[in-house]
Structure formats: structure tokens, C-alpha cells
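Down below is the structure, laid out as C-alpha cells.
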Amino acid sequence: MNTRKIKETLKYQVFHHSCIPVHYSDELHLSILKREAQAFNEKNPSCDSVAQYNYVILPSGRVENLVPAGIYTAHCGLNTGEGKINNDNSISICVSANLDREKMTDLQWKALINEARYQGEHRGLKPARHKDIVATSCPGRNFPYSKLLKEMKVKKLYDDVDEKRWSYPAIEYVSRAGIMTGDEYGFRPKDPVTREELAQVIYNLERKK
Ligand SMILES: [Zn+2]
124 MNTRKIKETL
134 KYQVFHHSCI
144 PVHYSDELHL
154 SILKREAQAF
164 NEKNPSCDSV
174 AQYNYVILPS
184 GRVENLVPAG
194 IYTAHCGLNT
204 GEGKINNDNS
214 ISICVSANLD
224 REKMTDLQWK
234 ALINEARYQG
244 EHRGLKPARH
254 KDIVATSCPG
264 RNFPYSKLLK
274 EMKVKKLYDD
284 VDEKRWSYPA
294 IEYVSRAGIM
304 TGDEYGFRPK
314 DPVTREELAQ
324 VIYNLERKK
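Using the working numbering, the letters of the sequence shown map in sequence onto residues 124 to 332.
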């Protein structure tokens, strides 16, 4: 059952927490998660994935894609079609921390925003929490869900400017301040500037004073 491809039916991204203390190392998180999946698989012989989540966001902000997004993980119960959101039509994103007791790290928060935006924009997956599906406290009391939904609505500035690019903060600043804008091709970060474009930039700057 676990190795079944479900790509064509993916509709949701479901958020979880792992209940593992956030001060443990990334490696310890990974080994605990793998052990948990093994124990689960032993009790449920039809399940065989290496983790119960497709994506795990570790305390350092590292994102591990443990199970490819099109492959089944038993992350929200064993249901295979019942209920609006189920294991068959969703991927799982787990913030590895105990969010009932503690907060995720800043790096986890940034990685979560990036991952949730990516899954929303590129795969069209709608967000949901584990507790929206079954009776559980997961993803924990301190999971900032409404804040995340707000962040997901913030449109990416330009298609050709990666948020991880070194110049991103500067490009974001000059764009939001109206000093420089993009065009139908995007921001064109590596193109040379013409004299008339430079004139426009100086004009925009002077008018802001
Ligand atoms: Zn969960």
C-alpha cells in the first residue's frame, strides 16, 4: 500500500509536529523518526515507508524529503479514501519539535514558510493541520497556523528571483519601495542596466525624498 503512487490525486499539504524535543540534534531527530516508522510498520504490515512523513523540517531548518511527495505515508491515520482529507490525497510536512510544549526555531519557521509556499504554488496543495482531520492535538498548541496562512498568501515578487539568492533582501527592498520594478520577463537580475533605466531609478529615488 505504501509504495502506491498517488501523485495525480494530491490536493492537500498536512502539517504535523513530531513531539521530539527541539534541542536534540538533527541526526537524533532523524533516527527517532525512522525508529518510530519501523515500529509503526511492524504493527501495520501493509505500511513500509521509511518515515511517516514526506517532509521533515529539522531544528537547524534543514528540510529532509524522506519519502517522495507522490508516495503514500500513513501520516493522518490509516484511511485510504474516507474523509475529505486523507493519506491518499495529501502529503505530510512535519516540523520536528514538541510544539505542545515549545516553539519551533526561527530557522524551522523560515523553512516551513518556504516549503508550504512551494507546495502551494508549484503543486497547488491546500494547507491543513492534522487536527483538522482527526481528533489529535497535532501539530501542537504552538504551531502558528494563522500566521503561516498569512505568509502563504504573500505573493512571490518575481519568478526569476529565488528567495535564497544573496541579493534577495536588496531586490525586495527596492521593489517594495518603488525604486526599481520588474517587467513582463521578471526582474532580470543578471541583465545590464541601460542609461534610461538608470535615469528612471534616480528619478524614483529623488521623488521619494
Ligand atoms: Zn500529526
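For every residue, glycine included, the Cβ atom is placed at its ideal position computed from N, Cα and C.
Checking 7 Å against the spacing of the C-beta atoms, do residue i and residue j come in under that value?
i: residue 260; j: residue 223; result: yes
i: residue 137; j: residue 199; result: yes
i: residue 277; j: residue 310; result: no
i: residue 231; j: residue 180; result: yes
i: residue 258; j: residue 186; result: no
i: residue 215; j: residue 139; result: yes
i: residue 172; j: residue 149; result: no
i: residue 197; j: residue 170; result: yes
Assuming residue i contacts residue j (C-beta within less than 8 Å), just tell me the rounded distance between them.
i: residue 275; j: residue 220; result: Actually they are not in contact, since the Cβ atoms of residue 275 and residue 220 sit about 20 Å apart, beyond 8 Å.
i: residue 281; j: residue 208; result: That belief does not hold up - the Cβ atoms of residue 281 and residue 208 are roughly 32 Å apart, past 8 Å.
i: residue 244; j: residue 279; result: 7 Å
i: residue 160; j: residue 175; result: 5 Å
Would you say residue i reaches chain B, if we count a Cβ-Cβ gap shorter than 7 Å as a contact?
i: residue 246; result: In the structure shown, chain B does not exist; there is a single protein chain.
Inset, instruction - Report all residues for which the CB-ligand distance to some heavy atom of ligand 1 is below 5 Å; order them along the chain. - result: 139, 253 and 261
Inset, instruction - Could you pull out every unbroken alpha helix (DSSP H) segment of at least 4 residues lying fully inside the segment 213–284, listed in chain order? - result: 229–246 and 268–276
Legend entry - Every unbroken beta strand (DSSP E) inside the segment 152–204 [3 residues or more]: 178–180 and 186–188
Legend entry - Those runs of the alpha helix (DSSP H) which lie wholly inside the segment 285–326 and span at least 4 residues: 291–299
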